[in-house]
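Shown next, in C-alpha cells, is the structure this report addresses.
There are 2 protein chains.
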Amino acid sequence: MGTDGAALSVPIRVLVVDDHALFRSGVNAEIGDSVDIVGDVGTVDEAIDAIRAKKPDVVLLDVHLPNGGGVAILEALADSTSNTKCLALSVSDAAEDVIAIIRAGARGYVTKTITHDELLDAIRRVHAGDAVFSPRLAGFVLDAFSSTKPVTSDPDLDRLTPREQEVLRLIARGYTYKEVAGRIHLSVKTVETHVSSVLRKLQLSNRHELTAWATDRRLL
Amino acid sequence: MGTDGAALSVPIRVLVVDDHALFRSGVNAEIGDSVDIVGDVGTVDEAIDAIRAKKPDVVLLDVHLPNGGGVAILEALADSTSNTKCLALSVSDAAEDVIAIIRAGARGYVTKTITHDELLDAIRRVHAGDAVFSPRLAGFVLDAFSSTKPVTSDPDLDRLTPREQEVLRLIARGYTYKEVAGRIHLSVKTVETHVSSVLRKLQLSNRHELTAWATDRRLL
DNA sequence: CGCACCATCGGGGACAACCCTGGTTGAACC
DNA sequence: GGTTCAACCAGGGTTGTCCCCGATGGTGCG
Chain A
19 MGTDGAALSV
29 PIRVLVVDDH
39 ALFRSGVNAE
49 IGDSVDIVGD
59 VGTVDEAIDA
69 IRAKKPDVVL
79 LDVHLPNGGG
89 VAILEALADS
99 TSNTKCLALS
109 VSDAAEDVIA
119 IIRAGARGYV
129 TKTITHDELL
139 DAIRRVHAGD
149 AVFSPRLAGF
159 VLDAFSSTKP
169 VTSDPDLDRL
179 TPREQEVLRL
189 IARGYTYKEV
199 AGRIHLSVKT
209 VETHVSSVLR
219 KLQLSNRHEL
229 TAWATDRRLL
Chain B
19 MGTDGAALSV
29 PIRVLVVDDH
39 ALFRSGVNAE
49 IGDSVDIVGD
59 VGTVDEAIDA
69 IRAKKPDVVL
79 LDVHLPNGGG
89 VAILEALADS
99 TSNTKCLALS
109 VSDAAEDVIA
119 IIRAGARGYV
129 TKTITHDELL
139 DAIRRVHAGD
149 AVFSPRLAGF
159 VLDAFSSTKP
169 VTSDPDLDRL
179 TPREQEVLRL
189 IARGYTYKEV
199 AGRIHLSVKT
209 VETHVSSVLR
219 KLQLSNRHEL
229 TAWATDRRLL
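Here the protein sequences come in this chain order: A and B.
Quick note on the numbering used here: the first sequence kicks off at 19 and runs consecutively.
Quick note on the numbering used here: the second sequence kicks off at 19 and runs consecutively.
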C-alpha cells in the first residue's frame, strides 16, 4: 500500500540530510519511487541553504553531523515561517539525542533500523502534522516533559518552618513585605524576620535569587 | 490477532476509570476478553484507592471527571513508586487537555473514537513502556515541549532602544543596578535611567513585573 | 541650523529591602 | 522548672529601587 498512497496525490517533497553519501543513496533507492526527493546533502550549511531554496515538505534529518548536528539546522530555521517538517533519523536511541532534537523543533524521531514501509509511513504522518516516534523513544520525551521530579522531601525546604515556607511562597511571587504582611495578617517586621531567616537558611542573598530558587523547584 | 497476543502471556491487568457506568461496561465488553480488568470505578477517590489496592498494570483514565479529573488522580499517585502506567481516554481532543494530563504523568492519550483493536494495541504499547497518542494529539505535546515561540518581532520590545534592551536583560536576571553598571561599564545612574524608561515604555511598575514579563517572552 | 532622539551622567528624595540586635509569648520536652 | 524553639514584634542602620528634577554630547533629519 505504501507506493500507491503517495502516487495518487501530489508526492511529498523530501530533502535527505546525512553525512554519509552511501546512506543518502540508500534512502534514495528505497523511497525515491514513492516520494519526490528534491535533494540530498551532507553538511549543516548545505542543508540550511537547500531547505531555504527548495522548501521541501519533509526533511529527513540525521542527528549526528559535523558542525552542530541536526540541532544546528533546526535552530537556524527556527525563525523561518515555512511549514517544513523535520523527521530525525538516527542510529542513536539515546534519550538526550531525542530530547535535544525534539526540543529544537523536530516533529519526529525514528532510528535507522526502520523498515522501508515504516519510513514511508513516518514521512507521511509527519507531513500530515502528526508526531512520529520509534516505539520506545516517545517515552523519553514524555519523561522530560512531565518533568516530575517532585522532590517531595527537599532537604533545604524541610529546614524551613511552615510559616517561613508560607512567606517564601508569597515573596517569590513578587509581593512586597507590606503586601505579604497584609495578606497573612502580620506586621511588616515579622515578615522581614521570616524572609531573613529563609535567605540565611537557603544561603541566598536577596529576593531575586529566592524567586529563581523557587521557580527552579516549582513551588509557585 | 488481538485476543491471541494477550492470552499467550499473562494478561495485562487494567483498571477502568470513567464516570459513566455505561462507558465502563462498554469497555469491559469490548476488551474484557483480551485483558484482565481488575476493576472499574467512577470517581477520583475510588480510583486512587483502587490503584493503591490493586496495582493494575495500566489505568484507562477518563480525563473529565468530577472533583479534579484525571489530573487529580495522577497527581495523587505521582509520589508512589508503582510502575502503573496511565492511558488517558477522552472525548476531548483539545490541546490543553492533552498537555495537562501528559504533564501530570500519563503515558498516552487516545480519543474515544478509537476502535477495539486500536485500544488493545494502545494498552499493550503503554504497558510495554511506549507512549501512545491519537494521530493529531502528539503534535500538541511537541509544540508545548519545544517551547519555540520566539516572537522575534515583539512590538513592545522593538520600542526599546538597543541599550535599553541590554539593560533589561540583565535586570531581569536579578542583577542589581550596581552589578549591571559594572558589567557593561556604566554609572549606576545611567542604569537607573535606562530601567526607568524601560518600565515606563512597557507600562510596568517594578522590576518584579519586569522579570515576569521577560520570562514570559523567554528573553533570558 | 534647529530639532528630536539617544546615550551618558548627576542630585535629591521617598520608600522598599535587608541585616542586626534585641524582646515576649506559648508549646514541647526532659 | 528549665531549656529549646517557632512565631511574633520593634528600633535602627545600610543598601537598593524608583522617581523627580536636571545636564552634556552625538546623530540624523528637514
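Here a beta-carbon is modelled for each residue, glycine too, at the ideal position from N, C-alpha and C.
Note that the structure is predicted; figures quoted are calculated from it, not measured.
(message) What residue range does the beta strand (DSSP E) around Arg-189 of chain B cover?
(response) In the sequence as displayed, the identity of residue 189 of chain B is Ile instead of Arg. Here Ile-189 of chain B belongs to no beta strand (DSSP E); instead the alpha helix (DSSP H) covers 180–190.
(request) Please confirm if Arg-121 of chain A has its CB atom under 7 Å from at least one CB of chain B. (result) So, interface residue.
(request) Please report how far the alpha carbon of Ala-112 of chain B lies from the alpha carbon of Asp-234 of chain A, in whole angstroms. (result) One C-alpha to the other measures close to 28 Å.
(request) Have a look at Ser-205 of chain A and Glu-184 of chain A and give me their C-alpha separation to the nearest angstrom. (result) The alpha-carbon of Ser-205 of chain A is positioned some 15 Å away from that of Glu-184 of chain A.
(request) Take the Cβ of His-145 of chain B as the centre, count every other Cβ of all protein chains shown within 10 Å, and call the residue buried at 16 or more, exposed below. (result) The residue is buried, with at least 16 neighbouring Cβ atoms inside 10 Å.
(request) Would you check if the distance between the CB atom of Ala-47 of chain B and the CB atom of Glu-93 of chain B is smaller than 7 Å? (result) No, the Cβ-Cβ distance between Ala-47 of chain B and Glu-93 of chain B is not below 7 Å.
(request) Measure the CB-CB distance between Val-76 of chain B and Leu-105 of chain B and report whether it falls below 7 Å. (result) With contacts defined as CB atoms closer than 7 Å, Val-76 of chain B and Leu-105 of chain B qualify as a contacting pair.
(message) Does the contact criterion of 3 or more C-beta pairs under 8 Å hold for the segment 147–154 of chain A versus the segment 146–158 of chain B?
(response) Flag = yes, the segment 147–154 of chain A and the segment 146–158 of chain B touch.
(request) Could you have a look at Ala-65 of chain B and say whether DSSP puts it in helix, strand or coil? (result) Helix, per DSSP.
(request) Inspect the beta-carbon positions of Pro-74 of chain A and Thr-102 of chain A and report whether they are closer than 7 Å. (result) Contact flag set, yes.
(request) Starting from the beta carbon of Asp-148 of chain A, find every residue of chain B whose beta carbon is closer than 7 Å, and list them in chain order. (result) By Cβ distance, chain B contributes Pro-153, Arg-154, Ala-156 and Gly-157.
(request) Note the first and the last residue of the continuous alpha helix (DSSP H) segment covering Ser-110 of chain A. (result) Here Ser-110 of chain A belongs to no alpha helix (DSSP H), and DSSP marks it neither H nor E.
(message) In whole angstroms, give me the CA-to-CA distance for Ala-125 of chain B and Ile-141 of chain B.
(response) In the sequence on display, residue 125 of chain B carries Arg and not Ala. When the Cα atoms are used, Arg-125 of chain B and Ile-141 of chain B turn out to be separated by approximately 10 Å.
(request) Please name the residue, chosen from B:Ala-230, B:Arg-201 and B:Val-128, that lies closest to Val-109 of chain B on a Cα-to-Cα basis. (result) Minimum Cα distance to Val-109 of chain B is reached at B:Val-128.
(request) For the segment 219–231 of chain A, enumerate the residues whose C-beta is nearer than 8 Å to any C-beta of chain B, in chain order. (result) Going along the segment 219–231 of chain A in chain order, one finds Asn-224, His-226, Glu-227, Thr-229 and Ala-230 with a Cβ nearer than 8 Å to chain B.
(request) Could you work out which residues of chain A lie near Arg-187 of chain B, taking near to mean beta carbons separated by less than 7 Å? (result) Neighbours of Arg-187 of chain B on chain A: none; closest Cβ ~14 Å, over 7 Å.
(message) Pull the bridge partners of Ile-49 of chain A from the DSSP assignment, please.
(response) Ile-49 of chain A is not bridged to any residue.
(message) Per DSSP, what are the beta-bridge partners of Arg-31 of chain A in this structure?
(response) Its beta-bridge partners are A:Asp-54.
(request) Tell me, please, which residues DSSP counts as bridged to Asp-80 of chain A. (result) DSSP output for Asp-80 of chain A lists A:Leu-107 as bridge partner(s).
(message) Under 8 Å: do the segment 186–203 of chain A and the segment 182–199 of chain B share three or more Cβ pairs, one atom per stretch?
(response) Because the criterion of three Cβ pairs below 8 Å is not met, the segment 186–203 of chain A and the segment 182–199 of chain B do not touch.
(message) Quick check on Glu-182 of chain A: buried or exposed, where buried means 16 or more other Cβ atoms within 10 Å of its Cβ?
(response) Flag for Glu-182 of chain A reads buried.
(request) Alpha carbon to alpha carbon, how far is Lys-72 of chain B from Val-34 of chain B? Give it in angstroms, no decimals. (result) Here the C-alpha atom of Val-34 of chain B lies approximately 12 Å from the C-alpha atom of Lys-72 of chain B.
(message) Nearest by alpha-carbon distance to Val-116 of chain A: which of B:Glu-136, B:Leu-160 and B:Ser-100 is it?
(response) Checking every option, the nearest Cα to that of Val-116 of chain A belongs to B:Leu-160.
(request) Helix, strand or coil for Tyr-193 of chain A, going by three-state DSSP, please let me know. (result) Taken through DSSP and simplified to helix, strand or coil, Tyr-193 of chain A comes out as coil.
(request) Note down, in chain order, each residue of its chain lying with its Cβ closer than 6 Å to the Cβ of Thr-229 of chain B, except the 5 sequence neighbours on either side. (result) The beta carbon of Thr-229 of chain B sits closer than 6 Å to the beta carbons of Ala-190 from its chain, once the five residues preceding and following it are set aside; these are given in chain order.
(request) Give the straight-line distance between the Cα atoms of Ser-214 of chain A and Leu-175 of chain A, rounded to the nearest whole angstrom. (result) The alpha-carbon atoms of Ser-214 of chain A and Leu-175 of chain A are separated by roughly 15 Å.
(message) Which residue wins for smallest C-alpha separation from Leu-188 of chain A, given the options A:Thr-179, A:Ile-202 and A:Leu-178?
(response) The shortest C-alpha separation from Leu-188 of chain A is found at A:Ile-202.
(message) Can you pull the chain B neighbours of Phe-41 of chain A, defined as C-beta to C-beta under 8 Å?
(response) Within chain B, no residue comes near Phe-41 of chain A; the closest Cβ sits about 25 Å away, beyond 8 Å.
(request) Using a cut-off of 8 Å between C-beta atoms, extract the partners of Gly-192 of chain B located in chain A. (result) What Gly-192 of chain B touches in chain A: Asn-224, His-226, Glu-227, Thr-229 and Ala-230.
(message) Please state the DSSP three-state secondary structure of Thr-102 of chain B.
(response) Thr-102 of chain B: coil per DSSP, three-state reduction.
(message) By the 7 Å beta-carbon criterion, what residues does the segment 43–59 of chain B contribute toward chain A?
(response) Contact residues of the segment 43–59 of chain B toward chain A are absent (C-beta to C-beta distance below 7 Å).
(request) Taking Glu-31 of chain B and Val-56 of chain B to be in contact with their CB atoms under 8 Å, please state how far apart those CB atoms are, rounded to whole angstroms. (result) Rather than Glu, the amino acid found at residue 31 of chain B in this sequence is Arg. Confirmed, about 5 Å.
(request) With DSSP as the reference, label Gly-2 of chain B as helix, strand or coil. (result) Residue 2 of chain B lies beyond the residue range present for chain B, which begins at 19 and ends at 238; the question has no answer from this structure.
(message) So for Thr-131 of chain B, helix, strand or coil by DSSP?
(response) In this structure, Thr-131 of chain B counts as coil in the three-state DSSP scheme.
(request) Look at the alpha carbon of Lys-130 of chain B and the alpha carbon of Leu-138 of chain B, and state the distance between them as a whole number of angstroms. (result) One C-alpha to the other measures close to 13 Å.
(request) Determine whether the Cβ of Leu-79 of chain B lies closer than 7 Å to any Cβ atom of chain A. (result) Taking 7 Å as the CB threshold, Leu-79 of chain B stays off the interface with chain A.
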